[in-house]
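Under my numbering, the residue at position 43 of the sequence shown is numbered 154, and the numbers go up by one with no gaps.
All residues carry an ideal CB built from backbone N, CA and C; glycine is no exception.
So the structure is just underneath, and the comments pick up after that.
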Amino acid sequence: PSSISYGQYVSIFVSLFSMFSKAYFMCTSMVKEVFQFKMMAILCDLLGLFFCVATLWELRRSDEDAVHVFFLTRPVDLTCAIYVYLVFACCCVFFPLWVLLRAA
Numbered sequence: 112p113s114s115i116s117y118g119q120y121v122s123i124f125v126s127l128f129s130m131f132s133k134a135y136f137m138c139t140s141m142v143k144e145v146f147q148f149k150m151m152a153i154l155c156d157l158l159g160l161f162f163c164v165a166t167l168w169e170l171r172r173s174d175e176d177a178v179h180v181f182f183l184t185r186p187v188d189l190t191c192a193i194y195v196y197l198v199f200a201c202c203c204v205f206f207p208l209w210v211l212l213r214a215a
């Protein structure tokens with residue numbers, strides 16, 4: 112939208128650069144393909160996070176394409192809802208199951 116200033120774009124890019132500089136150390140691997148896969152996964156998650164935050168700020172409750180997610184207080188669009196449900200499933204379902212299965 113035209114209401115977004117250049118300063119806001121610069122802020123987003125500086126934030127992404129800051130996160131990627133930290134992600135480089137998290138993803139160090141001797142195998143080039145593994146390193147690239149980890150960086151792509153982090154890139155996908157960060158871009159999804161920025162997309163979700165942007166849609167949370169932009170979408171209005173009266174919009175026809177608004178989707179209500181049961182644990183959020185405001186509606187989101189369909190793509191954001193899918194991403195939020197995936198993050199919820201990873202954090203609240205799959206990760207605890209993985210921890211429990213590893214402990215057994």
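Beta-carbon gap between residue i and residue j smaller than 7 Å
i: Ala200; j: Pro186; result: no
i: Ala165; j: Val180; result: no
i: Ser140; j: Phe146; result: yes
Counted within 10 angstroms of its Cβ, other Cβ atoms place residue i as buried (16 or more) or exposed
i: Val195; result: buried
i: Cys202; result: exposed
i: Cys163; result: buried
According to DSSP, residues forming a beta bridge with residue i
i: Val164; result: Partner(s): none; Val164 has no beta bridge.
i: Val142; result: None, per the DSSP bridge assignment.
Where residue i sits in the DSSP three-state scheme
i: Val187; result: strand
i: Val180; result: coil
i: Ser132; result: helix
i: Ser116; result: coil
i: Asp174; result: coil
Residues of its chain near residue i, where Cβ-Cβ distance is below 7 Å and the 5 sequence neighbours each way are ignored
i: Leu127; result: Leu157
i: Glu144; result: none
8 Å CB neighbourhood of residue i in its chain, flanking five on each side removed
i: Arg172; result: Arg185 and Pro186
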